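Colleague:
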Amino acid sequence: MKKIDLQQEGLEIKKACCYFCHQNCGVLVYVKDGKILHFEGDPDYPTNTGGLCCRGNVNLIHLDHPARVNYPLKRKGKRGAGEWERISWDQALTEIADRLAAIKAEFGAEAVATAGGTSRTDDWARRRFMNLFGSPNCFHNSHLCWIPTFMVETAIYGWSPFEIDLGLSRCIVLWGQNPGASTLPEMSGISALKEKGLKVIVIDPRYTETAAKADLWLPLRPGSDLALALAWIHVIIYEGLCDYDFIQENCVGFDELTAHVEQFTPEWAEPITWLSAEQIREGARMYAMNRPGNIQWGVAIDQQGKPAGAAMHARAILRAITGNLDCPGADLLTGPSQEFITDEEMELNEYLPEEQKAKQLGSDRFKLVTWPGYGRIAELTKKYWGKAPTAEWMCEAHPPTVYNAILTGKPYPVKALLVSATNPVNSYGESQKTLAALRAVDFLVTCDYWLTPCAMLSDYVLPIAGSFERPTITSTYGCSDFLLASQRAIQPLYERRTDFEFWRDLGIKLGQAEHWPWATLEDAYLYRLEPLGYGVESYDEFVEYYRFHFPERQYYKYKEKGGFATPSGKIELYSSVLEELGYPPLPPYIPPVENEIDHPEVAKEYPLVLTTGAGVMPFHHSEHFQIKELRFLRHEPQMEINPRTAKEYGIEEGDWVWIETRRGRIKQKAHLTEGISPGVVFTQRGWWYPERDMRDPELGGCLESNTNVLTSTVLEDCDPLSGTWANRGLLCKVYKVQDGAKEGNK
Amino acid sequence: MARYALVIDSRRCIGCHSCTVACRVHNELPIDMIYNPVTTVGPKGVFPHVRMMHIPLLCMHCDNPPCVDACPTGASQQRPDGIVWVDQNKCVGCKACVMACPYGARVSNKETGTVQKCDFCMERVEDGLLPFCVKTCHQKARIFGDLDDKDSDVFKLVNKEPSIRLLAELGTEPQVYYIYSWEV
Amino acid sequence: MKHHEEGWGWMLAVDFFFAGMGGAMLLIAGVLDLLPGEAGTSLLGNICGPLFISLGACFLILELGRPFQAWRVFMNPKAILTIGAWTMTLAIGFGFIYASFGLDVFPWSKMVGLRKLCAVICIITGLIVATYPGILLGRHKSRPFWNGPGMMVLFLLSSLVTGGAAHLLSAYLFTSSLAGNIAGLNLTVALLLAFQFLVWLVYLWVKISGTTTREAVAARRWLNGEFAAPFKYGFLLAGTLVPFILLFFEQRGLTMVAACLVLIGGFIMRNLVVSSGNIDRTWLPGELDYRSRLPLGDEEFLRAWNNK
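Residue numbers (my numbering), protein chains in the order written: chain X, -6 to 739; chain D, 71 to 254; chain L, -13 to 294.
1) Is Asn124 (chain X) buried or exposed, if buried means 16 or more other CB atoms sit within 10 Å of its CB?
2) Give me the residue from X:Leu525, X:Pro485, X:Phe359, X:Lys502 with the minimum Cα distance to Ala478 (chain X).
3) What does the alpha-carbon distance come out to for the pair Phe132 (chain X) and Arg463 (chain X)?
4) Grab the span of the beta strand (DSSP E) containing His208 (chain D) for me, first residue to last.
5) When DSSP labels each residue in this structure, what does Asn720 (chain X) get in the three-state scheme?
6) Counting beta carbon pairs with one atom in the stretch 198 to 211 of chain X and one in the stretch 663 to 672 of chain X, are three or more of them shorter than 8 Å?
7) Please report the distance separating the alpha-carbon of Ala639 (chain X) from that of Asp648 (chain X).
8) Mind checking if Ile669 (chain X) is an interface residue toward chain D, Cβ cutoff 8 Å exclusive?
9) Are any of the Cβ atoms in chain D nearer than 8 Å to that of Asp1 (chain L)?
10) Can you give the Cα-Cα distance for Pro119 (chain L) and Asn635 (chain X), rounded to whole angstroms?
11) Measure the C-alpha to C-alpha separation of Asn738 (chain X) and Tyr189 (chain L) and round it to an integer number of angstroms.
12) Check whether the stretch 604 to 620 of chain X touches the stretch 278 to 289 of chain X, counting contact only when three or more Cβ pairs, one atom from each stretch, lie closer than 8 Å.
13) Establish whether the CB of Leu270 (chain L) and some CB of chain X are separated by less than 8 Å.
14) What would DSSP say about Ala75 (chain D), mapped onto helix, strand or coil?
15) Using the rule of at least 16 other Cβ atoms within 10 Å of the residue's Cβ for burial, across every protein chain shown, is Tyr276 (chain L) buried or exposed?
16) Strictly below 9 Å CB to CB, what residues from chain L border Gln744 (chain X)?
17) Which term fits Gly3 (chain X), buried or exposed, when burial requires 16 or more other beta carbons within 10 angstroms of its beta carbon?
18) Taking only three categories from DSSP, how would you classify Asp216 (chain D)?
19) Can you tell me which of X:Asn720, X:Ile620, X:Ala663 puts its alpha carbon nearest to the alpha carbon of Asp57 (chain X)?
20) Alpha carbon to alpha carbon, what distance is there between Thr241 (chain L) and Tyr730 (chain X)?
21) For the stretch 271 to 283 of chain L, which residues have a beta carbon sitting closer than 9 Å to at least one beta carbon of chain D?
22) Taking the CB atoms as reference points, tell me whether Lys408 (chain X) and Phe126 (chain X) lie closer together than 8 Å.
23) Report yes if the C-beta distance between Pro107 (chain D) and Arg212 (chain D) is below 8 Å; otherwise report no.
24) Pop quiz: Ser615 (chain X) and Asn416 (chain X) are said to be a contact at Cβ under 8 Å. What is the actual Cβ separation, rounded to whole angstroms?
25) Using beta carbons (cut-off 8 Å, strictly below), is Glu684 (chain X) in contact with chain L?
26) For Leu21 (chain X), which of X:Glu653, X:Ile483, X:Tyr576, X:Tyr487 has the nearest alpha-carbon?
27) Using a Cβ cut-off of 7 Å, pull out every chain D residue sitting near Trp(-6) (chain L), in sequence order please.
28) Quick check: is the beta carbon of Gly144 (chain D) nearer than 8 Å to any beta carbon in chain L?
29) Would Ser162 (chain L) and Arg58 (chain L) qualify as a contact pair, given that the criterion is a beta-carbon distance under 8 Å?
30) In its own chain, which residues sit with a C-beta less than 7 Å from the C-beta of Glu622 (chain X), not counting the 5 before and 5 after it?
31) Along chain X, in chain order, which residues have C-beta atoms closer than 8 Å to that of Ala92 (chain D)?
32) Let me know if Ala75 (chain D) comes out buried or exposed under the rule of 16 or more other beta-carbons within 10 Å of its beta-carbon.
33) Check the Cβ of Ala304 (chain L) against every Cβ in chain D and list those closer than 8 Å, keeping chain order.
34) Three or more C-beta pairs under 8 Å: does that hold for the stretch 420 to 434 of chain X against the stretch 384 to 402 of chain X?
35) Do Ile104 (chain D) and Arg94 (chain D) have their beta-carbon atoms positioned less than 8 Å apart in this structure?
36) According to DSSP, simplified to helix, strand and coil, what is Asn167 (chain L)?
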């Protein structure tokens, strides 16, 4: 290794962040003459305290990887043929703007939709563009990740208590969350507090990195979380473990709840959850009797499809009846920031006409995270907090419905799709349908780092600035009362630009110039920070001198504010907001989307239970398969199966196996482990093979091992509240791959 | 004189492979060269009564290093502060050390023809910095320091917590100490 | 499950084979010379001794990652390899000098005292060259199949039988009946083969019933695993038992066949022993699973994006 003199003259230390997941771990980047010489985790950054995960360490490899997209590309020849013409940004933006304007003129603004991925963008800019353009059809796969949880919880107690006061807690429930593989700073905190006596309960079908450290591991049947949550409520109420004073003062609907959950005994839940009644009681008691305690959010419930909304509701009730809300050590209702300008305030939602809001795809059926529910909740939170949750994320078109509209023209045609920071074939549900929609849509534009399968099918591909090339404000999807700020270490390489610049410049081409006063992302960020009153001249100055803003922690905000941001001003165990929207006001029991009890005929053909979607180091979602330093660690997709089940099917360690559901089949390599229940199968997410032929129809083998081929997006399987589709708790079968056959991307 | 050592707290390690990658990337190692593997032991037992532990491996910087004795060229050396390293100019790639090391800590580089290994990032240590693998560990599962310094964390951990050393029965006197979450 | 093995290649086994054989040839030639009566070893045999050691040294050098830096292996007197390198050099030198006494063109060819002195040096250096690889391997505490003093005995025996066979072969090339001390070599080699057979059985039995399961696992590879066929049929049967019987006939043709079989057997055995040390390391907890999951090196993703 070449030794780098970190004291040399002209060397600047930039306070940047890693941009490979929304933890945004702090990084110190050593820059000289616009070139990065070295980087390390920032020891003063409050979350990662100097640490970096394996992805964080490949920042420089990612920055200038030979496969990166560096210039605007315009398709030559057939879609998917992989023939590109390098064009200027101006030409690209002009042509895209012209095409969008033409589509709007002929089919209406709603015929233009945009798809996003996880928080790796400044999506307030995207929403700002779309609101001004007039289309309500923005969406992410955020349905699978926290957003429905946020909205259900906000319906019940006026904000989502995602800020956990772990330092003073006595018990944490990690419900379908594996910080040991997905949020390393959190895991570090948990380990440290566990040494001081924090009880850790892990609810997960898999014996994860985190479960291995837990005091109690509850390996429930995938998709049965709702039954477990209802049984916990039953135990806590019927064993008298509630915080009655808190309930008395702050909750409505407790009597109705008590009557409602009488039937949901642990014995009732036993055959559904595959846990013993004793295990269920033990968990409920541990949580209820070690107060204050936390229930940490995990994606597991968001990804269950039909029972998801009710499960979130039940989980929210657990916090309320134990009084684990907004007190020291519990889950805090911080509300949105009162000090800086939030994402929502940057979105210009008021510019989207009501008649366009009404056209949002999926909003007729799934009302909670679309304009009907979001509108109602925004009204309540604005009244109480003065601000609303971020619409980009919390108020979205229903992705499967959009893809369906592309394919069928119903309820109206969608002609253009602008894709930003996502690889939809691998990250949205039922990949076959998503892929068909991407092939079918008239006009496809992708903003990305790589030529993903989706980018390969696009008319235009735009090179996006990534980690170290962009400033970043981290504020939990725009919903936290704190923020962490990072600067760019260098200007973007080649002709890359931030997604903010894409939306801004496209907006200007389409006549939105007056609404885009900021020339750079730093200018926009400075505008957002100014109300904090630090008196800084530039955004970089804020980063260099302050970097964070954490308001003083305030407990019991509801006492001072006279209640909660709900119609009654109380915690609504019996939810009037859900009732207004036409949903059950108390969480009903809804079985897993596919299950052996209610669908014996399906279970006969598909006898195993499938869980998908969990994060596995060293990848993130469908990313990093090009990075050899990471790929080397796990170079093939791996499914997990219990050795006893494997034996039944003649499967041995390292065999390639087909995993098949009613939607389709994929192949992954078998890993036999006692860390998963007999009868349960886990498949890794995201897999595609960027090293292969990327042209259509091969498209990098994007269906071959892609777990989303197995998931279900049929409307009946989606959560009626949020529309989230079913990644977990599905029925499948497995069998050995007999020949080396690759699965075509038909 | 210092005596550098590493304590690995398996109770905290989650097997995220950050150390593996940090080491490889910052030391600019070839793609297939790993100084710092992190293994997974388990899940052992029968579902649901299982347990699992991650064990990061690396050069043990033994007090009695068989690799140094095996080296016919004198390229493999041990410094007074205990760090075992390979002088790349002197190494001829005979792999005697590869075979002699009980810990699989030595790897040959096909391009240079020499054998390489973890040197505790000695250039960083000389500058008062931590080895990359230690610096990058989110979980603070790797604790690096000077055993001769009674105020150091490594000294305290080694002397207060029950720790084990891998293959200590071979007499190599390894200087990487493991605090296990359970008996393997 | 397959995994990438880090260790010595086949060329080192070839070195062990040739150097061991060559060393033993020096040793045998020296001993036969010092015994009363004519030694009877052939000039070819005496030349082949140092020649084989040189050949072994060549393979050793080729096995190095940086062959042109080979001179550096003489630098660490504490390392067995360094001792081996020095001894091989001496053995090659004195071996050729000893052989030169068989050529009348050299003025010293009639100086018997000097030749006897040379024979003594050949015996010492030959013995070390024939033995040290076994000592080297035996000291590897984390290679369960090698570890222990047994490997020294096995390697010395193999060197002796192959060296003896090579001498017999060289001698019989030019004559139909042996004269001098070498005439006793047929039976000596036969007895050594019998001993080798027994020692191998004892060695495997000790390993299998030994103190660690790692040793047992490694030894079972020789009886039931992937080494079983070449070991049992190639080495034990064809390379040891058959020549043992053939040598009793003390007949030129049969002895030459036997000698060839012994050489082949020795070659097979050295290769198996070297790979056994590579494969069976003392694995650390979870290590084998970890390594089995890594790519082998020919995967498509490793070749992608290399040219830009």
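The beta carbon of each residue, even a glycine, is placed where N, CA and C say it ideally should be. Just so it is clear, the structure is predicted and the values come from calculations on it, not from any experiment.
Modeller: Reading off the structure:
1) buried
2) X:Leu525
3) 23 Å
4) His208 (chain D) -> no beta strand (DSSP E), and no H or E assigned at all.
5) coil
6) Yes, they touch.
7) 10 Å
8) The beta carbon of Ile669 (chain X) falls within 8 Å of a beta carbon belonging to chain D, placing the residue at that interface.
9) no
10) 46 Å
11) Interpretation of Asn738 (chain X) is limited by its pLDDT of 49, a score under 50 that renders its predicted location unreliable; the figure taken from the coordinates is listed afterwards. If you take the alpha carbons of Asn738 (chain X) and Tyr189 (chain L), they lie about 58 Å apart.
12) no
13) no
14) In the three-state scheme derived from DSSP, where H, G and I count as helix and E and B as strand, Ala75 (chain D) is classed as strand.
15) buried
16) Here chain X comprises residues numbered -6 to 739, so residue 744 (chain X) is not present and cannot be evaluated.
17) exposed
18) strand
19) If you compare the alpha carbons of X:Asn720, X:Ile620, X:Ala663 with that of Asp57 (chain X), the shortest gap goes to X:Ile620.
20) Residue identity differs from the one stated: residue 730 (chain X) is Val in this sequence, not Tyr. Cα to Cα, the separation comes out at about 55 Å.
21) Pro271, Gly272, Glu273, Leu274, Asp275, Tyr276, Arg277, Leu280, Pro281, Gly283
22) No, they are not a contact pair.
23) no
24) 5 Å
25) Closer than 8 Å to some Cβ of chain L, the Cβ of Glu684 (chain X) qualifies, so yes.
26) X:Ile483
27) Lys165, Met169
28) yes
29) no
30) Val51, Ile54
31) Leu45, Cys47, Asn50
32) Ala75 (chain D) comes out buried.
33) The shown model of chain L, from -13 to 294, leaves out residue 304 (chain L), and the question about it has no answer.
34) yes
35) yes
36) Note: Asn167 (chain L) maps to helix in three-state DSSP.
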